[in-house]
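S.K.: Mind the numbering: the sequence shown is residues 801 to 935 in the numbering used here, read in order. Every residue, glycine too, gets a C-beta built ideally from N, C-alpha and C. Submitted below is the structure of interest, expressed as structure tokens.
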Amino acid sequence: MPNSSYVATAARAGWGCVLLLAPEFVLRIGGRPAPGPLLTGLARALGARHLVQAAVLTAWPSRAVAGGGAAVDVLHATTDLWYAATSPRHRPAALLDAAIGAALATAGAAEARRRLPDRVAPRPPHVGARTAPGR
Numbered sequence: 801m802p803n804s805s806y807v808a809t810a811a812r813a814g815w816g817c818v819l820l821l822a823p824e825f826v827l828r829i830g831g832r833p834a835p836g837p838l839l840t841g842l843a844r845a846l847g848a849r850h851l852v853q854a855a856v857l858t859a860w861p862s863r864a865v866a867g868g869g870a871a872v873d874v875l876h877a878t879t880d881l882w883y884a885a886t887s888p889r890h891r892p893a894a895l896l897d898a899a900i901g902a903a904l905a906t907a908g909a910a911e912a913r914r915r916l917p918d919r920v921a922p923r924p925p926h927v928g929a930r931t932a933p934g935r
């Protein structure tokens, strides 16, 4: 069975790709009219953010990184909820993105508590490298 952190990171990357490559599909959920260029660009930027976050979580799997990512996801979901409350036209897409953001935040917080080291382990010194006296 795959590690849950890999599943959540793959889901994040997949959602990021959808937002980046097909934002109109998401923004037209519920039969809404086509979005304008500003909202389409914003959705693409959020998709890029998800891809960058997935790459960072993969490259530096630590509690601090997972916890920071979860905090960003909470902020993202909160702004989606605000947008859903103030924009009936795009409420279905905003609520969908808020639900996905909340799920990713929950997965990130759980991963930060359970499985990840406190920090990324330092690389061992090069073989043959000099060490400081007393070590």
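1. According to DSSP, is TRP882 part of a helix, a strand, or is it coil?
2. Applying the criterion that 16 or more other CB atoms from any shown protein chain within 10 Å of the CB defines a buried residue, is ALA810 buried or exposed?
3. If you count every other CB in all the chains shown that lies within 10 Å of the CB of TRP815, and 16 or more means buried, which is it?
4. Can you give the beta carbon distance from HIS876 to TYR883, rounded, assuming they're within the 8 Å contact cut?
5. How about VAL874 and ALA905: do their beta carbons lie closer than 7 Å?
6. Since PRO837 is in the alpha helix (DSSP H), which residue starts that stretch and which ends it?
7. Could you pull out every residue in the same chain whose Cβ sits closer than 7 Å to the Cβ of ARG844, ignoring the five residues on either side in sequence?
8. Looking only at its own chain, which residues have a Cβ that is under 7 Å from the Cβ of ALA855, when we skip the five neighbours before and after it?
9. So for ILE829, helix, strand or coil by DSSP?
M.R.: Concretely, from the data shown:
1. In this structure, TRP882 counts as helix in the three-state DSSP scheme.
2. With fewer than 16 Cβ atoms within 10 Å of its Cβ, ALA810 is classed as exposed.
3. TRP815 comes out buried.
4. Not confirmed; about 11 Å, so no contact.
5. Contact: yes.
6. Counting along the chain, the unbroken alpha helix (DSSP H) around PRO837 starts and ends at 837-859.
7. Once the five neighbours on either side are set aside, the close Cβ partners of ARG844 are LEU819, LEU820, PRO823.
8. Cβ contact annotation for ALA855 (same chain, cutoff 7 Å, sequence separation greater than five): none.
9. The three-state secondary structure of ILE829, taken from DSSP, is coil.
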